[in-house]
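K.L.:
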Amino acid sequence: MLELILSALAGLIIEVVLTVVVLAFAAVVDWFVRRHAVMDEDDIAFTLRQQLDNGAYTIVQGIFDEATGQVTDARRVNANRLDPRLARAHARDDLAVYT
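So in my numbering, spot 86 of the sequence shown is number 1423, and the numbers just go up one at a time.
1) Answer with buried or exposed for residue 1359, where buried requires no fewer than 16 other C-beta atoms within 10 angstroms of its C-beta.
2) Which residues does DSSP list as the beta-bridge partners of residue 1386?
3) Rank 1407, 1389, 1361, 1356 by C-alpha distance to the C-alpha of residue 1379 and give the top, closest one.
4) Could you check the C-alpha separation between residue 1388 and residue 1375 for me, to the nearest Å?
5) Can you grab the Cα-Cα spacing for the pair residue 1415 / residue 1423, in whole Å?
Here it is in C-alpha cells:
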C-alpha cells in the first residue's frame, strides 16, 4: 500500500502547506470528515509521516483512490510534534490508513 501511495504522490503537487506546533488527531479527522461527502468506496484515507532531521514532522494527509491509483486530494502539514493519538497511529509505520 505504501508503494502505491508514494507513487501516486510523486506526480502530485501539494499546494496547501499548514504549519502547526502540535498536530492534533482531531484536526486530521476533521479534514477527512469535511471530504467524506465526495469520497467513494474505493477511496482510502491516509497520513504519511516523515520525521525531519530537526525532530519535527511533515505529515502528508490525503485520499487515495484504489480504482485509479491516484491521490485525489492531499495537504501537507508541518508540525513540531504530533499529539499522542496521532503518534500511536504511526507507531509501527510511517503510513497510517483510516477506515
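Beta carbons: idealized from backbone N, C-alpha and C, even for Gly. Everything numeric in this text was worked out from a predicted model, so none of it was measured.
P.N.:
On the basis of the data shown:
1) As a position in the sequence shown, residue 1359 is number 22, starting the count at 1. It is exposed - the Cβ of residue 1359 has fewer than 16 other Cβ atoms within 10 Å.
2) Residue 1386 sits at position 49 when you count from the first residue of the sequence shown. For residue 1386, which the question treats as bridged, DSSP gives the partners 1396.
3) As a working mapping, residue 1379 is identified with position 42 in the sequence shown. Comparing Cα-Cα distances from residue 1379 to each of 1407, 1389, 1361, 1356, the minimum goes to 1407.
4) Translated into the one-based positions of the sequence shown, residue 1388 becomes position 51. Translated into the one-based positions of the sequence shown, residue 1375 becomes position 38. C-alpha separation (whole angstroms): 30 Å.
5) The count along the sequence shown starts at 1 and reaches residue 1415 at position 78. The count along the sequence shown starts at 1 and reaches residue 1423 at position 86. Approximately 14 Å between the Cα atoms of the pair.
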